[in-house]
Structures are given as C-alpha cells and as structure tokens.
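Engineer: Here UniProt numbering is used: the first residue of the sequence shown is 1, the next is one more, and so on.
All C-beta atoms, glycine included, are put in the ideal place defined by N, C-alpha and C.
Computed from a prediction, not measured in an experiment: that's the story for all the values here.
A single structure is presented below for examination.
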Amino acid sequence: MSYMLHTVALSDIEDLVRYCDYPAMQKKTLNMMMFPNTGSATQEEEIMWHVSSFRGSLEKNPAAYFRKVCTNDGTPVGLALWTLDQPCLRVKRNGKQGKEEAVKVPKSLDTCAWREISQKLISERRRVIKDLENVWRSAFGLNVLSVSPAHQRRGCGSMLLAWGCEQADHYGRISFVMASPAAVGLYERFGYKTVGQVVTTHGTFRSMLRDPKSIEC
1 MSYMLHTVAL SDIEDLVRYC DYPAMQKKTL NMMMFPNTGS ATQEEEIMWH VSSFRGSLEK
61 NPAAYFRKVC TNDGTPVGLA LWTLDQPCLR VKRNGKQGKE EAVKVPKSLD TCAWREISQK
121 LISERRRVIK DLENVWRSAF GLNVLSVSPA HQRRGCGSML LAWGCEQADH YGRISFVMAS
181 PAAVGLYERF GYKTVGQVVT THGTFRSMLR DPKSIEC
C-alpha cells in the first residue's frame, strides 16, 4: 500500500479526527490524563470537541500548517499540525470576528487535570523557546502528530514529521516538540535532542529541539 501527503481542507477535519486522531489518542499519555472516564457514551462529545479545536486553528491561525497522509485511494490515515510560534499573530476574516462554534465540553474531560498538565507543558515550552526566534513548533495541544492505529509502523508518522523538518531546514528554523513518552524515539531519529522534561504520574514528557540542517544548493 502506498501513501501520499496532502494539504488539509476544512471539510477534511471531521474525518481526520474521527478516523485518525481520536483512535490514535486513546492510549496516549495526555489523553489518559485528560479523559480518565472516557467510554462509548462520551465518545461523540470528545470527537466533536477535538473537531471544533482543529477547525478553529485552521480557520483563524495563519501560522498553522496542516498536512494529512492518505492511502492511494484517498482514505485519510494520518494528521499533523505544525505551528510557527507567533502567539500574537491572529487575523479576522473579511474584517469581521468569526462566530465561535459552540461545542459542548465532554463530560469525561477532567478539567482540573487538563488545566494542570496544560500549565506545566506551556510553562516548559516558554522556558525552552523564550530566547529563540523563528521556532517551528509541533505536536502539543493543537499541534498534533497522529496516525490511525491500523496504519501505524508503516512510515506515515515519519512522512508527516519529515515534511515539517524539511520546511524548518528550508527556512533555517529551530524546531521544538513536546514529546510524549512513546514518541521520543521517533523524534530522536529526526535529530531532536532533549532539553528538558515534565514529569507526570502517567509518564515523562520531554521538550526537544532540533537545529535546522544546511541545504546544499
């Protein structure tokens, strides 16, 4: 089976969450901390909550770059979101503030745990990149790297990660990622190095940096 990279349209988001990101997240450390009481009764709420977040990022953040991996018949199997770290950069479409999509917060979300871990990860990110410019950031919160479980270990995650690294190399940007315990090895293979950590009861997240590689003309 062959795979190809594509850009992501707004109409792609729900399928990417439903069939790629959500299934992939079920055994990930962050998801287990945020949704300790997840189950079939809350699945749809959780999916649509994530869909709303991704749609908001795609619509409102001009520094967000989505890519998807599809099979040769067009079936989406993987998703990545890369963000150029420019926290003040936001735009209004057509000069008007877009209406926010009202989505119910899932009953299974542990809001206290969510806020606590988010605060820790955000504080660590700020510590690492505070003195850096042109940081190309991936894989935390709205920054995601997910592959459908049925297509994992077939190079899809590497394809998505390679695209972002190539962009960072082209523009001479340092790359940052907050890696979950299971993903550290993948990032190390692409040249990321650990510069810090956040210890949780479910495992240790590692903040990692990658210097851009020189491109030969």
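1. Let's test the definition: count the other Cβ atoms within 10 Å of the Cβ of Met208 and tell me whether it reaches 16, buried, or not, exposed.
2. Would you mind stating whether Cys165 and Phe190 have Cβ atoms separated by less than 8 Å?
3. Is the Cβ-Cβ distance between Leu30 and Ser57 less than 8 Å?
4. Excluding the 5 residues flanking residue 263 on each side, which residues of the same chain have their C-beta closer than 8 Å to its C-beta?
5. Comparing alpha-carbon positions, which option in Thr111, Pro76 and Trp163 lies nearest Tyr19?
6. Tell me whether the stretch 151-162 and the stretch 61-78 touch, counting them as touching only if at least three CB pairs, one residue from each stretch, are closer than 8 Å.
7. Going straight from the alpha carbon of Met25 to that of Leu16, what length do you get?
8. Assuming Met78 and Ser180 form a contact by the criterion Cβ under 8 Å, report the distance between their Cβ atoms to the nearest whole angstrom.
9. In or out: Asp21 buried (at least 16 other Cβ within 10 Å) or exposed?
10. Can you tell me where the alpha helix (DSSP H) holding Lys60 begins and where it ends?
11. For Gly155, which residues in the same chain have their Cβ closer than 8 Å to its Cβ, ignoring the five residues on either side in sequence?
12. When we look at the beta-carbon of Arg127 and count the other beta-carbons within 10 Å, is it buried (16 or more) or exposed?
13. Can you tell me where the beta strand (DSSP E) holding Ser146 begins and where it ends?
Structural biologist: Answer, in terms of the structure:
1. buried
2. yes
3. no
4. Any question about residue 263 goes unanswered here, given that the chain covers just 1 to 217.
5. Pro76
6. yes
7. 12 Å
8. Looking at the sequence shown, residue 78 is not Met but Gly. Incorrect: roughly 16 Å between the Cβ atoms, too far for contact.
9. buried
10. Gln43 to Lys60
11. Tyr3
12. exposed
13. Leu145 to Val147
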